[in-house]
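A.B. asks: Residue numbers (UniProt numbering): 1 to 120.
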Amino acid sequence: MCVHYGLIASGNQVISDAKFRDKLNKDLGGNVLCVVMEAAGIASNFPCLVIRGICDYSDSHKNKDWQEHAAAVAAAYAKELLLIVQPKRSRETVSSRTYFRRVSDSSHEGKCITNAEIAI
1 MCVHYGLIAS GNQVISDAKF RDKLNKDLGG NVLCVVMEAA GIASNFPCLV IRGICDYSDS
61 HKNKDWQEHA AAVAAAYAKE LLLIVQPKRS RETVSSRTYF RRVSDSSHEG KCITNAEIAI
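(1) Between which two residues does the alpha helix (DSSP H) containing Ile-84 stretch?
(2) Any beta-carbon of chain C closer than 8 Å to the one on Cys-55?
(3) Is the beta carbon of Ile-8 less than 8 Å from the beta carbon of Val-73?
(4) Are there 16 or more other CB atoms within 10 angstroms of the CB of residue 123, so buried, or fewer, so exposed?
(5) Where does Cys-34 land, buried or exposed, given buried means 16+ other C-beta within 10 angstroms?
(6) Go to Leu-24, then tell me how far its alpha helix (DSSP H) extends in each direction, as first and last residue.
(7) Going along the chain, which residues of its own chain have a beta-carbon closer than 8 Å to the beta-carbon of Asp-56, five neighbours each way excluded?
(8) Kindly indicate which residue of Ile-84, Asp-59, Gly-53, Asp-27 has the alpha-carbon position closest to the one of Glu-68.
Right under this line is the structure:
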């Protein structure tokens with residue numbers, strides 16, 4: 001298993017063009033590890049850690065041959081992380097219902113960018 005830490009670009013479209021992918025990477029400083037679509041909606045409004053199993057190169061050669069392996073590696077990493085990280089109670093912790101209610105009331109929904117994610 002190989003784990004990479006770094007910048008994940010996230011947006012609302014599937015990338016299947018190598019030229020677009022490479023230009024996006026260049027425009028974002030050349031340090032993008034992957035481009036994902038699924039995390040775009042939640043990561044912009046909810047503080048979270050995104051663990052991805054990468055199985056293609058975001059180009060025209062996309063296939064499903066490595067999806068099962070990538071999912072298993074991501075699950076193994078998540079499980080290991082949960083065994084190491086100790087749960088901690090915090091006065092700042094709110095229920096997910098309360099958090100999502102606050103987010104839905106926010107006028108900046110979908111515009112938040114963090115250092116771990118770039119919205120595209």
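Where is the CB? At the ideal position from N, CA and C, for every residue including glycine.
Note that this is a predicted model, so its numbers are computed, not measured.
C.D. replies: On the basis of the coordinates in this document:
(1) For Ile-84, the enclosing alpha helix (DSSP H) starts and ends at 67-84.
(2) The structure shown has no chain C; it contains just one protein chain.
(3) For Ile-8 and Val-73, no; Cβs fall outside 8 Å.
(4) The structure shown does not extend to residue 123, since the chain spans only 1 to 120, so no value can be given for it.
(5) Counting every other CB atom within 10 Å of its CB across the protein chains shown gives Cys-34 a total of 16 or more, marking it as buried.
(6) Counting along the chain, Leu-24 sits inside the alpha helix (DSSP H) bounded by residues 18-27.
(7) Once the five neighbours on either side are set aside, the close Cβ partners of Asp-56 are Lys-62, Asn-63, Trp-66.
(8) Checking every option, the nearest Cα to that of Glu-68 belongs to Gly-53.
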